[in-house]
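Below: one structure, written as structure tokens.
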Amino acid sequence: MTQHNAAQFEALADLYEDIGDWPFRKYIETPSVLARIGDVAGADVLDFGCGAGTYARMLKRAGARRVVGYDLAEGMLASARRRAAAERLDVEFVSALGPDQAGRFDLVLAVYVLPYAQALPDLERMCFQMLAPLRPGGRLIALPIHPDYEPAPSYYEPFGFRMTPDDPREPHRDGARLRLDLFYQQRYDASVHAWYWSRGAIETALRRAGATAVGWHPPRLHAPADAPPELQAYVRRPHAAIVECRRD
């Protein structure tokens, strides 16, 4: 993520924290990500693009030995530090990753980071930056825009957001820009821009950065019987996918 993109998020820390309680994240995304991560007891974890630190705190509570949250948006980091301190969780939040962090982590988690690569060189650089902190054999788990997301803006409105491609004729073109509008239950009205990358472009960038065993996993519904029925529609066409790989 560039400093330009980080500026989009400076004032959105409370929003990004509250999104964790929105049904599609509460019942689908978050449990799907945590299930894919598995046991982190004793592990060293980097939350790359940590935002307000929601996942970083979860992983620390789950028993990770060391958790570092990295983000360029200082507003997000300030909120993350306050929230971790309130829970008395020992999580380090940083705005830069030095060379001393290379090869130090068992797991890197990057939720909604790849969509902010504006051009192919940015995507390749981002993949390298996410893989470099891993020990050999360590895992990267990332959430890009789903390669087959539904480009009709109204499709995701029941879940609290719209995704509107700049060019509706080519929504699945590599590097295509789209606007994400967040408006769940009229509590928020915020917009950010993101960029679409195909499965092939992401896999190629990851492998060039040193990744092996690249695999894709759909988010799944983990919900009680009273979960909102519209979540089934989200599962059919999720806006994000889980991609997993290992560092060579």
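Read left to right, the sequence shown gives residues 1 to 248 (the UniProt record's numbering). No residue lacks a Cβ here, since even glycine has one placed at the ideal position from N, Cα and C.
Q | Range of the contiguous alpha helix (DSSP H) that encloses R199 | A | If you number the sequence shown from 1, residue 199 lands on position 199. That run of the alpha helix (DSSP H) goes 199–208.
Q: Would you list the one or two residues that DSSP bridges to V192?
A: Along the sequence shown, read from residue 1 onward, the residue named residue 192 stands at position 192. V192 is bridged by DSSP to L180.
Q | Test item: CB-CB of P133 and V108 under 7 Å | A | Locating residue 133 in the sequence shown gives position 133, where the first residue counts as 1. Locating residue 108 in the sequence shown gives position 108, where the first residue counts as 1. It is a contact, given that the beta carbons lie within the stated cut-off.
Q) In the structure shown, what three-state DSSP assignment does L34 receive? A) Your numbering for residue 34 matches position 34 in the sequence shown. L34: helix per DSSP, three-state reduction.
(Q) Rounding to the nearest angstrom, what Cα-Cα distance links D167 and L180 in this structure? (A) As a working note, residue 167 is residue 167 in the sequence shown. As a working note, residue 180 is residue 180 in the sequence shown. Approximately 14 Å between the Cα atoms of the pair.
Q) Is the Cβ-Cβ distance between Y155 and F24 less than 7 Å? A) Sequence index remark: in the sequence shown, residue 155 carries index 155 (1-based). Sequence index remark: in the sequence shown, residue 24 carries index 24 (1-based). No, they are not a contact pair.
Q) Can we say the segment 115–122 touches the segment 159–178, given the rule of at least three CB pairs closer than 8 Å? A) yes
Q) Taking C-beta to C-beta, are A64 and V45 nearer than 7 Å? A) By one-based count along the sequence shown, residue 64 stands at place 64. By one-based count along the sequence shown, residue 45 stands at place 45. Yes, these two residues count as a Cβ contact at 7 Å.
Q) Excluding five sequence neighbours on each side, which residues of the same chain lie with their C-beta closer than 8 Å to the C-beta of D248? A) In the sequence shown, residue 248 corresponds to position 248, counting from 1. Same-chain partners within the cutoff: P136, G210, A211, T212.
Q: Consult DSSP for V94 and reduce its assignment to one of helix, strand or coil.
A: For the purposes of this step, residue 94 is identified with residue 94 of the sequence shown, where counting begins at 1. Strand at V94.
(Q) Closest to T30 by C-alpha separation, out of A56, A41, D189, G69, would be which residue? (A) Here residue 30 refers to the residue found at position 30 of the sequence shown. With distances taken between Cα atoms, T30 lies closest to A56.
Q: Go through its chain and collect everything with a Cβ distance to L89's Cβ below 6 Å, but skip five positions before and after it.
A: On the sequence shown, position 89 is the one that residue 89 refers to. Closer than 6 Å at Cβ, skipping near neighbours: R57, K60.
Q) Taking DSSP as the reference, what is the three-state secondary structure of P229? A) The residue you call residue 229 lines up with position 229 of the sequence shown. In the structure shown, P229 sits in coil (DSSP, three-state: anything other than H, G, I, E or B).
Q) Just the Cα atoms here: how many angstroms apart are A43 and R169? A) Along the sequence shown, read from residue 1 onward, the residue named residue 43 stands at position 43. Along the sequence shown, read from residue 1 onward, the residue named residue 169 stands at position 169. If you take the alpha carbons of A43 and R169, they lie about 45 Å apart.
Q: Classify A52 as buried or exposed, calling it buried when 16 or more other Cβ atoms lie within 10 Å of its own Cβ.
A: Start at 1 with the first residue of the sequence shown, and residue 52 comes out as number 52. Buried, because 16 or more other Cβ atoms sit within 10 Å of the Cβ of A52.
Q. Near R199, what residues of its chain come up, given a Cβ to Cβ distance below 6 Å and the 5 sequence neighbours on each side ignored?
A. Translated into positions along the sequence shown, residue 199 becomes position 199. The residues are P147.
Q | Cβ distance (whole Å) where L140 is taken to contact A201 below 8 Å | A | Indexing the sequence shown from 1 puts residue 140 at position 140. Indexing the sequence shown from 1 puts residue 201 at position 201. That pair is no contact at about 16 Å.
Q) Is G103 buried or exposed, if buried means 16 or more other CB atoms sit within 10 Å of its CB? A) Residue mapping note: residue 103 aligns to position 103 of the sequence shown, counting from 1. By the neighbour-count rule (16 or more Cβ atoms within 10 Å), G103 is not buried but exposed.
Q. How would you write the range of the beta strand (DSSP E) that R139 sits in, first residue to last?
A. Numbered from its first residue, the sequence shown carries residue 139 at position 139. That run of the beta strand (DSSP E) goes 134–143.
Q. Which same chain residues, not among the five before or five after A85, have their C-beta less than 6 Å away from its C-beta?
A. Here the question's residue 85 lines up with position 85 in the sequence shown. Excluding sequence positions up to five before and after A85, its CB lies less than 6 Å from no other CB in the same chain.
Q.
Please tell me whether P219 and I28 are closer than 7 Å, where the distance is taken between their beta carbons.
A. In the sequence shown, the residue the question calls residue 219 occupies position 219. In the sequence shown, the residue the question calls residue 28 occupies position 28. Contact: yes.
Q | Rounded separation between A41 and L206 - CA only | A | Within the sequence shown, numbered from 1, the residue matching residue 41 stands at position 41. Within the sequence shown, numbered from 1, the residue matching residue 206 stands at position 206. Whole-angstrom Cα-Cα distance: 26 Å.
(Q) One question on the structure: do D106 and G69 come within less than 7 Å of each other, judged by their Cβ atoms? (A) For the purposes of this step, residue 106 is taken as the residue at position 106 of the sequence shown. For the purposes of this step, residue 69 is taken as the residue at position 69 of the sequence shown. It is not a contact, given that the beta carbons lie outside the stated cut-off.
Q: Report the rounded CA-to-CA distance for V214 versus P153, giving the unit in angstroms.
A: Within the sequence shown, residue 214 is the residue found at index 214, counting from 1. Within the sequence shown, residue 153 is the residue found at index 153, counting from 1. Taking the straight line joining both Cα atoms gives about 30 Å.
Q.
Extract the residue ranges of the alpha helix (DSSP H) inside the segment 67–134, only unbroken runs of 4 or more that lie entirely within it.
A. The qualifying runs are 74–86, 120–131.
Q. What are the boundary residues of the alpha helix (DSSP H) that L46 is part of?
A. Numbered from 1 along the sequence shown, position 46 holds the residue referred to as residue 46. In the DSSP annotation of this structure, L46 is not part of any alpha helix (DSSP H); the continuous beta strand (DSSP E) holding it starts and ends at 44–48.
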